[in-house]
Amino acid sequence: MTNALLLTLVSILRITLTHAVPSVMIYSCYSTSASPERNNVALKKPVIANAKWADCLVDGKYKSTIIPLADKMPFVAVDLRDVYLLDSIHVHAQNQRSFYNQGLKLNFSVYVWPKFTTACDMSQHYPWKLVKAGLVFTRNGEQIVLLGQIRAQYIIIMPDNITFKKPNQGLVMGELRAFGEKIQDGYVPKLPKEAEDATKSGRTADNKTLASRLELASRSWNYFRKNDVIGSYTAGEVESAGVQKAVRKLIDTYNKYFVYHAICDRHPLKKDPGTARAFWNYNRILFMQRGSKIVRAPGATRNPGSVNPNLKPSSYNVTFNIDVAGSFFPMGGYAKPGEAFRYQVLNVSTSNLRGFRIRINPQTDNIERHDQYKRWPVVTTVEDLKMKGQMASPFGGPIVVQTPSKVNITICFKNVYRYGWFDIRNRESVRNWNTERQRYRSTPYMMIVGDQMISMVQTDIGVNTNRETLIWSTTYFDNVIKIMHNYRGSDYATSRAQVFVTDQQIAFGWGHSGYPLMGHNSWGDAFNTVDTLKKGECIGYPHEIGHNLQVWKMTLMDGAEVTNNIYIPVVHHHLLGLPAFEQPYTPGSSPNDLKDMVNTWKNGSYRGVSVNYYNYLARLFNESLVGNVLPLVLSTKEPLNSENLKANFWVRALCNESKYDLVPFHRLWGFKLNEKTLQFCGTFPCFIPEDEFTKQVPKLVEKVLKNYGKNCSRDTPCKMKLNRNLMRGINEVGKQYIFIHK
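Here the sequence shown stands for residues 121 to 862, where the numbers follow this note's numbering.
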């Protein structure tokens with residue numbers, strides 16, 4: 121069909137359908153042009169999508185492609201900014217050779233939404249107004265044209281037959297175009313007019329109290345966006361009637377503005393110096409709300425997410441009997457954003473609740489320093505635990521309790537939302553998991569209780585993982601922690617459990633150590649990808665746990681990313697049966713690692729050591745040599761607070777444990793060793809290896825030995841045995857300490 125004929129058809133349809141009920145006709149072709157005088161109203165408009173290269177959908181090019189990521193609602197949408205009466209919507213299949221047949225033979229629907237909503241809340245309006253279902257691209261570059269009188273501000277595309285129970289792949293496609301007439305300006309909220317006396321009224325503005333600062337901020341946008349409105353205040357001040365009144369007034373004044381700029385992964389906020397302080401103020405003020413119903417944070421329905429409206433709240437008791445203090449003991453329930461839950465301490469073994477706290481959402485990272493936000497900077501609500509209380513969060517999240525000491529406590533919770541409960545120490549919860557995961561799957565996040573690690577992951581990951589897989593992955597992470605403790609000579613049984621939390625956006629990196637250690641949401645996939653774990657490919661977990669268990673007193677120059685990683689080969693070798701100290705395994709034994717070791721020798725200057733050094737020691741003496749020295753480092757009273765003290769203590773300990781003089785060996789790395797070390801190590805027979813690595817630097821080895829003036833053995837050295845049980849506690853679980861009951 122020619123472009124002229126298509127234009128004629130569109131004109132006829134305009135006349136025919138102007139006073140008729142809107143209808144749709146489908147026209148498939150390969151032409152990418154419309155009438156020369158008509159403008160594509162979708163061109164370069166904002167795209168709402170959880171996708172790679174989202175802007176390609178409306179860039180006007182037909183060789184670029186949008187790739188939606190897996191999502192429970194994998195739609196892509198175009199915000200036209202204004203309301204249009206459209207007469208045609210054109211959707212184009214992708215036409216990039218490198219994407220082969222992606223996006224073809226997948227049924228999809230086109231929808232519209234005729235009025236303003238936020239990108240973060242788009243899914244809350246589903247089902248949107250359907251334009252046409254059952255569409256399908258059959259060939260690359262194909263164009264489908266939908267004709268009819270269609271009122272829209274948003275055009276939405278989503279695959280058909282979505283279950284919404286687990287993430288699904290969206291439609292890979294090339295371009296979306298739309299043609300029509302603007303009939304109404306889009307909604308844009310206006311800030312209230314600046315009061316003339318907002319900051320001056322013939323006197324200095326009153327800003328000494330929290331209430332006065334909040335009241336002033338509600339009258340002056342300039343004051344609100346330029347100043348720290350919160351400042352300092354007492355704990356009881358927030359609860360006062362004056363502050364609560366001022367909080368409500370400020371939120372009423374600015375809520376429409378912040379709703380329009382709602383923050384989530386589908387609508388990131390680029391930090392603007394002119395408004396950054398206003399967003400930071402508003403973020404903190406949202407947490408000051410009190411009451412059974414509070415205003416949700418704009419975007420909270422997307423990140424962290426809201427509870428399925430069909431899920432009913434629950435009331436139950438939780439008893440936890442713990443021997444080691446911690447900050448993130450899960451209570452089995454989720455707080456809905458904007459809705460309060462109630463709690464009451466029924467029994468506690470301590471004389472008071474000093475140091476006890478209750479928290480909604482363990483996503484504790486403050487991302488204020490980022491240039492772009494995919495969620496609000498702070499999303500965690502935390503308060504002192506009371507004997508009886510009510511608590512609400514503008515963001516919602518799993519409820520956890522912090523205890524400062526050993527305690528036995530029972531708390532009654534009301535109006536909380538259950539998530540599937542999996543506690544590796546609770547045999548009944550493990551046995552019932554396949555039933556439990558079908559029953560409770562309607563919260564955004566859930567918590568998994570391991571023997572040594574408590575984890576918070578997206579509920580979709582947990583409930584889509586069967587019992588056997590979840591047992592294996594949870595036990596694996598517990599074993600990782602146990603073997604690290606055993607290797608370094610600390611006691612996992614008396615140490616605080618590790619806590620792992622996933623989030624849409626974290627403070628830095630793709631993951632980082634700490635309490636809790638954090639990872640992006642995709643890190644949670646490791647719980648149902650056992651094959652990947654068994655191959656030793658998920659090294660992010662042992663890397664960050666290694667940071668938490670890092671022995672800093674033995675961490676030499678530039679070793680911050682070294683002594684955390686020395687555990688990884690031990691873990692992979694003993695838990696997974698991998699020859700992790702040998703080539704080509706990483707870290708420490710890849711071809712590049714070994715090449716770097718030799719280059720370090722050639723360089724001749726001391727720069728600390730890398731993982732390749734520790735793996736080399738393991739190949740020569742067995743990993744038990746380093747393992748036997750680590751507890752000595754942890755327990756020594758010597759002040760290892762300088763590079764010189766650390767290096768000399770370390771070499772002396774290695775000599776004593778191996779019963780070899782390892783001074784020449786360490787001079788390959790340029791170690792500067794003092795007389796005390798030389799005398800101590802000199803009492804043992806000297807050793808320096810002769811192998812494929814030292815043979816690459818024969819002159820250096822000859823120089824080292826000549827300068828040392830001592831005959832050194834070049835034969836295979838004696839292997840060491842670990843002086844304790846490396847596998848202590850592996851695949852074992854301790855006694856149950858969290859009990860959920862009526």
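Ideal Cβ placement from N, Cα and C applies to all residues, glycine included.
Residue span of the alpha helix (DSSP H) that contains residue i, given as start and end
{"i": "residue 822", "result": "818-828"}
{"i": "residue 246", "result": "Taken as a continuous stretch (DSSP letters only), residue 246 belongs to no alpha helix (DSSP H), as it is neither H nor E."}
{"i": "residue 599", "result": "587-608"}
{"i": "residue 366", "result": "361-380"}
{"i": "residue 717", "result": "711-723"}
{"i": "residue 348", "result": "Neither: residue 348 is in no alpha helix (DSSP H) and is coded neither H nor E."}
{"i": "residue 690", "result": "687-696"}
Residues that DSSP places opposite residue i in a beta bridge
{"i": "residue 566", "result": "577"}
{"i": "residue 538", "result": "453"}
{"i": "residue 274", "result": "199 and 233"}
{"i": "residue 188", "result": "171"}
{"i": "residue 279", "result": "228"}
{"i": "residue 682", "result": "Beta-bridge pairing links residue 682 to no other residue."}
{"i": "residue 441", "result": "528"}
{"i": "residue 521", "result": "449 and 478"}
{"i": "residue 434", "result": "536"}
{"i": "residue 493", "result": "389"}
{"i": "residue 206", "result": "270 and 300"}
{"i": "residue 413", "result": "459"}
Residue i: first and last residue of the uninterrupted beta strand (DSSP E) it sits in
{"i": "residue 299", "result": "295-304"}
{"i": "residue 477", "result": "477-480"}
{"i": "residue 741", "result": "No beta strand (DSSP E) holds residue 741; the alpha helix (DSSP H) holding it covers 731-741."}
{"i": "residue 797", "result": "Run containing residue 797: none in the beta strand (DSSP E); it sits in the alpha helix (DSSP H), 795-801."}
{"i": "residue 461", "result": "461-468"}
{"i": "residue 759", "result": "Here residue 759 belongs to no beta strand (DSSP E), and DSSP marks it neither H nor E."}
{"i": "residue 511", "result": "508-511"}
{"i": "residue 503", "result": "501-504"}
{"i": "residue 858", "result": "858-861"}
{"i": "residue 637", "result": "637-640"}
Cβ shell of residue i (< 8 Å), same chain only, five flanking positions each side left out
{"i": "residue 473", "result": "465, 504, 505, 506 and 507"}
{"i": "residue 164", "result": "175, 178, 179 and 180"}
{"i": "residue 221", "result": "260"}
{"i": "residue 792", "result": "726, 764 and 767"}
Residues near residue i by beta carbon distance below 6 Å, same chain, minus five either side
{"i": "residue 404", "result": "350"}
{"i": "residue 747", "result": "607 and 842"}
{"i": "residue 498", "result": "403 and 486"}
{"i": "residue 335", "result": "366"}
{"i": "residue 512", "result": "414 and 460"}
{"i": "residue 391", "result": "491"}
{"i": "residue 693", "result": "700"}
{"i": "residue 322", "result": "Caution is warranted here: a pLDDT of 40 is assigned to residue 322, below 50, making its placement in the model unreliable, and no coordinate value can be reported."}
{"i": "residue 141", "result": "Because the pLDDT of residue 141 is 38, which lies under 50, any placement of that residue in the model is unreliable, and the question is left without a value."}
{"i": "residue 467", "result": "530"}
Contacts around residue i, its chain only, beta-carbon distance under 7 Å, and the 5 residues preceding and following it disregarded
{"i": "residue 683", "result": "670, 671, 674 and 675"}
{"i": "residue 190", "result": "287, 288 and 289"}
{"i": "residue 299", "result": "154, 158, 160, 161, 206, 207 and 208"}
{"i": "residue 833", "result": "805, 806 and 807"}
{"i": "residue 393", "result": "none"}
{"i": "residue 357", "result": "330 and 363"}
{"i": "residue 817", "result": "718, 721 and 722"}
Buried versus exposed call for residue i [16 or more other C-beta atoms within 10 Å across all chains shown]
{"i": "residue 838", "result": "exposed"}
{"i": "residue 501", "result": "buried"}
{"i": "residue 680", "result": "exposed"}
{"i": "residue 745", "result": "buried"}
{"i": "residue 352", "result": "exposed"}
{"i": "residue 345", "result": "buried"}
{"i": "residue 308", "result": "exposed"}
{"i": "residue 324", "result": "Confidence at residue 324 is low in this model, with a pLDDT of 49, below 50, so its placement is unreliable and the value that follows should be read with caution. That one is exposed."}
{"i": "residue 743", "result": "buried"}
{"i": "residue 830", "result": "exposed"}
Residue-level contact to chain B via CB, residue i, 9 Å cutoff
{"i": "residue 648", "result": "No chain B is part of this structure, which consists of one protein chain only."}
Q.
I want to know whether the stretch 476-486 touches the stretch 510-530 - three or more CB-CB distances under 8 Å.
A. yes
(Q) Whether or not the stretch 799-812 and the stretch 763-780 are in contact is what I'm after, with contact meaning three or more pairs of Cβ atoms, one per stretch, closer than 8 Å; do they touch? (A) yes
Q) Per the contact definition of three or more C-beta pairs closer than 8 Å, is the stretch 426-439 in contact with the stretch 523-537? A) yes
Q) Okay, do the stretch 230-240 and the stretch 262-280 touch, 3+ Cβ pairs below 8 Å being the bar? A) Yes, they touch.
Q: Pair every Cβ in the stretch 612-624 with every Cβ in the stretch 566-574, then say whether three or more of these pairs are closer than 8 Å.
A: yes
Q. If we count Cβ pairs, one from each stretch, closer than 8 Å, do we get three or more for the stretch 850-858 versus the stretch 821-840?
A. no
Q: Would you check if there are 3 or more beta carbon pairs closer than 8 Å linking the stretch 636-651 to the stretch 585-599?
A: Cβ pair count under 8 Å is three or more, so yes.
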